[in-house]
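Numbering (the working numbering), first residue to last: 62 to 449. The beta carbon of each residue, even a glycine, is placed where N, CA and C say it ideally should be.
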């Protein structure tokens, strides 16, 4: 297109808008030589383009516009010092020829056309321009990926408050609450981040299109479940976290029960699933023996344990997901082991505490069977018994 001021052939499009006539485009042009600007109204002419349409990344089909290829080539050349509009047009004609040859009237995708542009630039000896074009594509790919991780805050909050999204009720342990809203909103951000940064590519695409479902995406950066050493807690106490309160090894069962609850509650914040202690009855039985506890006292401690594990103290107004394993009988490998109370070895072994284990198991089962004040079943802890 000639400049209307100086007749130079080197002009570039700086803005384009559609008109009421779908076959005409309004283009704002700038002369490379005199730098003056003018407006043209141009009727779309596919010329030697055998395909009149192109498929965008979102799947929509739109009109094929050769000028977009010409402008992209010119801008890439301009970024490395080139200013030859005619050469950009010549190269875009080469691209059209390649498209015609490859697709033969079929609708090409944007990415396929851009691949052809790269190929033509390299074949025609424009390596620097090709590199600039490739970098341009990569930059815009990153921009698109960044946009894909953005979350619509307005819709996210509305979806929760109005319960429009099925995921609001996805977890039966999570209450509809402000804490639940915070978890839902933060989870939406984490889901997008994890999907695009941890998985990406074909896996992310398959999840987005519903070909597969990745569960618990909002917690993708943390571990799932974990089992912890109750013996270590009994021996060392609860501590070791910077700027948090440290507790010495418990000397009495009621203290140990609270440490167990705190331990599970704290670690639950760093995991998506259950937190577990094993050999609970074996390791707690010596506390009954040293304090000569009565059944009523033991049951009181089990009530403290169970009720405290059912306090909403996890994000989303949830109870900590807890699992406790009971041995029922002292394991063979622990029978001759010195029992530990208050962080110190006692003058008796775990094998000598079977009577106390039986008392603790009876108390725990009674508490679980009785339920809460209304007789409702406790959600946690989930008990597991070793029978073999």
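If you ignore the 5 residues before and after residue 115, its C-beta comes within less than 7 Å of the C-beta of 123, 125, 168, 169, 171, 174, all in its own chain and listed in chain order. Distance check between residue 344 and each of 418, 334, 120, 158 places 418 closest, using alpha-carbon atoms only. Within the model, the alpha-carbon separation for residue 62 versus residue 128 is close to 11 Å. Judged by DSSP in its simplified three-state form, residue 118 adopts coil rather than helix or strand. In this structure, residue 265 and residue 190 do not form a Cβ contact; the two beta carbons are roughly 32 Å apart against a cut-off of 8 Å. In the structure shown, the three-state DSSP call for residue 414 is helix. When DSSP states are grouped into helix, strand and coil, residue 385 belongs to the strand group. Here the C-alpha atom of residue 356 lies approximately 11 Å from the C-alpha atom of residue 422. If you compare the alpha carbons of 308, 392, 256 with that of residue 273, the shortest gap goes to 256.
Below 8 Å, enough C-beta pairs join the segment 278-297 and the segment 327-335 to call them touching: three or more. Between residue 347 and residue 414, the CB-CB gap stays under 8 Å.
A straight line joining the alpha-carbon of residue 368 with that of residue 433 spans about 8 Å. Counted as a single uninterrupted DSSP element, the beta strand (DSSP E) harbouring residue 336 occupies residues 336-338. Taking each of 101, 230, 87 in turn and checking the Cα distance to residue 379, the smallest one comes out for 230. Cβ neighbours of residue 438 within its own chain (closer than 6 Å, five residues either side excluded): 432.
Under a 10 Å Cβ-count criterion, residue 67 is classified as exposed, with fewer than 16 other Cβ atoms of the shown protein chains found around its own Cβ. Nearest Cα to residue 282 within the set 301, 361, 252: 252. In the three-state reduction of the DSSP assignment, residue 327 falls in the helix class. In the DSSP annotation of this structure, the continuous segment of the alpha helix (DSSP H) that includes residue 214 starts and ends at 214-222. Residue 113 carries a coil assignment under DSSP once its states are collapsed to helix, strand and coil. Excluding the 5 residues flanking it on each side, residue 365 has same chain C-beta neighbours closer than 6 Å at 318, in chain order. DSSP places residue 101 within a strand segment (E or B) once states are collapsed to three. Measuring C-alpha to C-alpha distances from residue 100 to each of 154, 141, 65, 323 identifies 65 as the nearest. A buried status is given to residue 241, since no fewer than 16 other beta-carbon atoms sit within 10 Å of its beta-carbon. No Cβ-Cβ contact shorter than 8 Å links residue 326 with residue 309.
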